[in-house]
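In the numbering used here, the protein residues as written are 580 to 1040.
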Ligand code: ADP
Ligand code: MG
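Shown next as structure tokens:
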């Protein structure tokens, strides 16, 4: 371990400890160590991929700004997953004795004791994502009420509960709040909480290792199954089949299922009809962008949780400028709060505007939808809109499609995989490849540069 890296990280940890709630700090930041500093990149070592994603999703900006200030120069953050310990890596969620241990002379620990902390359901939940911290407004009260009902009486009210809405509007928060509520009130309930992506990966792994029966048992014996981001099922037939049977097994036994998605079920392209219809069996509730009152309430609540006091004009600046994504609103607040605490200076709006430049630029992007981009690009190149999602590969279709993917990446907030989904269930690698392709050609072909420039201007006007 490099001393320099560790010294910077220890000092940054001190700051973080002062900024964050103790449970939050202890759960997510205390176990992180720094492995090296290469140039201006500090590599942090985390326990598993989930920690990495969680930190990236929720605290990358904060980490970057705290570490940069500690090092007194701009520092980027990279993550590395610590080499896995041999015990308990096989199963996740439910404890399954590990066969390798049985042949050794070491006493076999009980399944519960064997299960490492990071695999217990509560270890997957962010302690902030509970009902108490969720601000209810006109944009989400229906989704909130349905979630509370389900958490209080799992399997008895709405089943499945299908929550949908755009990025950063509280889907994961509500899903985890349900999980944590059930976990606190029914200690014995078996709760499965995972992203659809992880369900897919575990299934593939089980398939490869001949452990399908174990995989099935694990998911079909749950009391509550919480699956985040089911749009990820799009275009994956084999996994849809498996998910269909898991769904039926649980639903038949009145076990609660809660799903989240970035769009209504019937808009997931490449999802089998039998799944779409099941997703709509119970209760469907959407989360919309918050209105200004809700944004203000969220800011006040989060500022109190961070123990910062910000002048009202700054709170209202944030509420007025960041409207579409609560994660972004929160990110902006944390950045401003960290800056205020670290510098001890009074903040004026000009400083804030500079501090938040990237976030405000991001906010400017979201008004454009992928559908709009596809329509414009199809019009411009005179191809059919359907070709944006088709599998046809002639160059005069494939390249405009790549341009549309590139523009979706540049001008919207969507992840690579959700862009892939919107283009007929392509995977994120295809989108990455398309972006690279367009960028490369823009460098050498002025016509491509002009076309893309023109489309970009049209779309952002
Ligand atoms: P999604 O899963 O819809 O993309 P998240 O649930 O991850 O969004 O929410 C993004 C961030 O915004 C999280 O930190 C979450 O706690 C916060 N958040 C979202 N909605 C609310 C709300 N109504 N009240 C308080 N915090 C919220
Ligand atoms: Mg989410």
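Cβ coordinates follow ideal geometry from the N, Cα and C atoms, glycine included. Please read all numbers here as calculations on a predicted model, not as lab measurements.
- Fewer than three beta-carbon pairs drawn from the segment 920-935 and the segment 976-983 are found closer than 8 Å, and the two stretches are therefore not classed as touching.
- Residue state for residue 772 is assigned as strand, using DSSP reduced to three classes.
- With distances taken between CA atoms, residue 616 lies nearest to 658 out of 894, 658 and 833.
- Between the alpha carbons of residue 622 and residue 612 lies a gap of roughly 9 Å.
- Look at residue 837 here: in three-state DSSP terms it is strand.
- Along the segment 759-809, the alpha helix (DSSP H) occurs as fully enclosed runs of 4 or more residues at 775-787 and 791-799, listed in sequence order.
- About 7 Å separates the Cβ atoms of residue 742 and residue 866, confirming a contact at the 8 Å cut-off.
- Of the other Cβ atoms in all chains shown, fewer than 16 fall within 10 Å of the Cβ of residue 961; this residue is therefore exposed.
- In this structure residue 968 does not touch residue 999 by the C-beta definition: roughly 11 Å separates them, more than the 8 Å allowed.
- At the C-beta level, residue 601 and residue 645 stay beyond 8 Å of one another.
- The three-state secondary structure of residue 716, taken from DSSP, is coil.
- Relative to the ligand MG, the beta carbon of residue 750 is positioned inside 7 Å of a heavy atom.
- Around the Cβ of residue 824, a 10 Å sphere holds fewer than 16 other Cβ atoms; the residue is exposed.
- The segment 882-890 and the segment 848-856 do not touch, with fewer than 3 CB-CB distances between them shorter than 8 Å.
- Looking only at 978, 973 and 953, the smallest Cα-Cα distance to residue 1038 is reached by 953.
- Between the ligand MG and the CB of residue 992, the shortest heavy atom gap is not smaller than 7 Å.
- For residue 642 and residue 833, the gap between their C-alpha atoms comes out near 43 Å.
- Of the residues assessed, residue 988 falls on the buried side of the cut-off, its CB having 16 or more other CB atoms within 10 angstroms.
- Residue 624 counts as buried, since at least 16 other C-beta atoms from the protein chains shown sit within 10 angstroms of its C-beta.
- Between the alpha carbons of residue 835 and residue 803 lies a distance of about 5 Å.
- The Cβ-Cβ distance between residue 875 and residue 894 falls below 8 Å.
- Residue 837 counts as buried, since no fewer than 16 other beta carbons sit within 10 angstroms of its beta carbon.
- Straight across, the Cα-Cα distance linking residue 977 with residue 610 is about 47 Å.
- Non-local C-beta neighbours of residue 661 in its own chain, meaning closer than 7 Å and more than five positions away in sequence, comprise 624, 625 and 626, ordered along the chain.
- The criterion of a C-beta distance shorter than 8 Å is satisfied by residue 822 and residue 812.
- In the structure shown, residue 991 adopts coil according to DSSP, grouped into three states.
- C-alpha of residue 637 to C-alpha of residue 858: approximately 28 Å in a straight line.
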